[in-house]
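J.: Chains as they are written, first to last, in the UniProt record's numbering: chain A, 1 to 236; chain B, 1 to 92.
Got a structure for you, written out below as structure tokens; questions coming shortly.
Structure below.
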């Protein structure tokens, strides 16, 4: 059941392009499951906006990843925040969490844009907190090189955990980009799926824009992946 | 952190209230199944098989919880109407 709590902004920094990191500190450890979000009051009339938690559970602080591209009410509120400000956060909320009923051994996280936020929380929770031994893969679609962030962290995770790998794919890369180009769906069709003989040992987590979610979800279902093994969180 | 105190209420009471004056409506096309309404007002909303919010009981939660559920919806998919005045309370 969510609570309404006050929290202090302890850090606000531009990660890259329109992506900002806001760190909130609560008085006590904030009890949430990896993948959940908080709802911030962004206007006096009670308007709220939801932001996925991008950090692992069991701390007093939570990382929020915010894409300020929309420049709506929530965006302007986030941009106006200063370190030391107090915000009203309601949470935790959301059902996009790691499967507990019949978890599969291997997990593929597919994100676009700020959809990486809940996945970072879940991946850290798996690898760091739970010492997870199954295979964990991340496929992350972005537009430009200039949008990229957390690359050093992902490389470090890749070095540190033999069961973790990731792939970044850019839809509008510059001429100096030597990585994957296209959309996450292309990567999935051309790379991942063809290498995996038995999809029944995998579960899939999709987060990002609605088109990607719909297309990828349909594609996975077409490959015989069971509905309960496809977990979705649509951003808008 | 001395200057951040917990606000003294928890949303989502379990007690069914008497008749409420706020009527809620889910705009199906806007609902993305984020389930924040269910988290805030579980006696009023539930997710259906299509992962969309359904209303199970207009009087399941008190008015303040129903309003908070609407305010928490990331896509403003819940409308709140005051049935006594006909006024649309949310979205403003």
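In this text, a Cβ means the ideal position worked out from N, Cα and C, and glycines have one as well.
Would you be able to state if there are at least three C-beta pairs under 8 Å between the stretch 98-108 of chain A and the stretch 55-67 of chain A?
T.: Flag = no, the stretch 55-67 of chain A and the stretch 98-108 of chain A do not touch.
J.: Identify each residue in the stretch 42-70 of chain A for which the Cβ-Cβ distance to at least one residue of chain B is less than 9 Å, and report them in chain order.
T.: Cβ contacts with chain B: 45, 46, 47, 48, 49, 50, 60.
J.: Can you tell me where the beta strand (DSSP E) with residue 202 (chain A) in it begins and where it stops?
T.: Taken as a continuous stretch (DSSP letters only), the beta strand (DSSP E) holding residue 202 (chain A) covers 202-208.
J.: When the distance is taken between beta carbons, is residue 57 (chain B) closer than 8 Å to residue 43 (chain B)?
T.: Closer than 8 Å, so yes.
J.: Relative to the C-alpha of residue 143 (chain A), which residue among A:195, A:9, A:8, A:209 is closest?
T.: The shortest C-alpha separation from residue 143 (chain A) is found at A:209.
J.: Taking residue 95 (chain A) as the query, report the chain B residues whose CB atoms sit under 7 Å from its CB, ordered along the chain.
T.: The contacting residues are 35.
J.: With which residues is residue 53 (chain B) paired in a DSSP beta bridge?
T.: Answer by DSSP bridge pairing, in chain order: B:47.
J.: Find the nearest neighbour of residue 32 (chain B) within the set B:47, B:40, B:23, judged by alpha-carbon distance.
T.: Closest option to residue 32 (chain B), Cα to Cα, is B:47.
J.: How many angstroms separate the CA atom of residue 21 (chain B) from the CA atom of residue 69 (chain B)?
T.: Straight-line Cα distance between these residues: approximately 15 Å.
J.: Determine, for residue 39 (chain A), whether the minimum Cβ-Cβ distance to residues of chain B falls below 8 Å.
T.: It does; some Cβ of chain B falls within 8 Å.
J.: What residue range does the beta strand (DSSP E) around residue 152 (chain A) cover?
T.: Here residue 152 (chain A) belongs to no beta strand (DSSP E); instead the alpha helix (DSSP H) covers 151-160.
J.: Just to confirm the assignment: which complete alpha helix (DSSP H) runs, minimum length 4, are found wholly within the stretch 101-178 of chain A?
T.: The qualifying runs are 116-124, 151-160.
J.: Any beta carbon from chain A within less than 8 Å of residue 7 (chain B)'s own beta carbon?
T.: For residue 7 (chain B), the predicted model reports a pLDDT of 40, less than 50, meaning its position is unreliable; a value from the coordinates is still stated below. By this cut-off, residue 7 (chain B) is an interface position.
J.: Taking the alpha-carbon of residue 234 (chain A) as reference, which of B:34, B:59, B:27 has the nearest alpha-carbon?
T.: It is B:34 whose Cα lies nearest to the Cα of residue 234 (chain A).
J.: Where do the ends of the beta strand (DSSP E) carrying residue 75 (chain A) lie?
T.: Counting along the chain, residue 75 (chain A) falls outside any beta strand (DSSP E), though it belongs to the alpha helix (DSSP H) covering 73-80.
J.: So residue 69 (chain B) contacts chain A; which residues on that side make the cut at Cβ distance below 9 Å?
T.: The premise fails here: residue 69 (chain B) is roughly 10 Å from chain A at the closest Cβ pair, so nothing lies under 9 Å.
J.: Note the first and the last residue of the continuous beta strand (DSSP E) segment covering residue 91 (chain A).
T.: 86-93 is the span of the beta strand (DSSP E), which, as asked, contains residue 91 (chain A).
J.: Run through DSSP, which three-state label would residue 20 (chain B) get?
T.: Coil.
J.: Please list the partners that residue 46 (chain B) has in chain A, where partner means a Cβ-to-Cβ separation under 7 Å.
T.: Under the 7 Å cutoff, chain A gives no residues; its nearest Cβ is about 12 Å from residue 46 (chain B).
J.: For chain A, check one thing: does any of its Cβ atoms lie closer than 8 Å to the Cβ of residue 4 (chain B)?
T.: Here residue 4 (chain B) scores only 42 on pLDDT, less than 50, and its place in the model should not be relied on; the value that follows carries that caveat. Closer than 8 Å to some Cβ of chain A, the Cβ of residue 4 (chain B) qualifies, so yes.
J.: Less than 7 Å between C-beta atoms, sequence neighbours within five positions excluded: which residues of the same chain meet that for residue 199 (chain A)?
T.: 223, 224, 225.
J.: Within 8 Å of any Cβ in chain A, is that where the Cβ of residue 77 (chain B) sits?
T.: Not one chain A Cβ lies under 8 Å of residue 77 (chain B).
J.: List, in chain order, every chain A residue whose beta-carbon is nearer than 8 Å to that of residue 40 (chain B).
T.: By Cβ distance, chain A contributes 2, 90, 93.
J.: Looking only at its chain, what residues have a beta carbon closer than 8 Å to the beta carbon of residue 28 (chain A), apart from the 5 residues adjacent to it on each side?
T.: Excluding residues within five positions, the ones whose Cβ falls inside 8 Å are 60.
J.: State yes or no: is the beta carbon of residue 92 (chain B) nearer than 8 Å to at least one beta carbon in chain A?
T.: Output row for residue 92 (chain B): interface = yes.
J.: Please classify residue 74 (chain A) as buried or exposed, where buried requires at least 16 other C-beta atoms within 10 Å of its C-beta.
T.: So residue 74 (chain A) counts as buried.
J.: From A:141, A:15, A:2, pick the residue whose C-alpha is nearest to that of residue 40 (chain A); which is it?
T.: Considering only alpha carbons, the answer is A:2.
J.: For residue 145 (chain A), which residues from the same chain have a beta carbon less than 8 Å from its beta carbon, with the 5 sequence-adjacent residues on both sides left out?
T.: For residue 145 (chain A), where only same-chain residues beyond five positions count, the Cβ hits under 8 Å are 170, 173, 174, 176, 177.
J.: Looking at the unbroken alpha helix (DSSP H) that takes in residue 83 (chain B), where does it start and where does it end?
T.: Per DSSP, residue 83 (chain B) belongs to no alpha helix (DSSP H) and is neither H nor E.
J.: Closer than 8 Å, CB to CB, is residue 72 (chain B) near chain A or not?
T.: It does; some Cβ of chain A falls within 8 Å.
J.: Of all the options A:148, A:10, A:129, A:124, which has the alpha carbon lying nearest to the alpha carbon of residue 137 (chain A)?
T.: Selected option, being the one with the closest Cα: A:124.
J.: To which residues does DSSP link residue 25 (chain A) through a beta bridge?
T.: DSSP, once it has assigned bridges, lists A:8, A:61 as partnering residue 25 (chain A).
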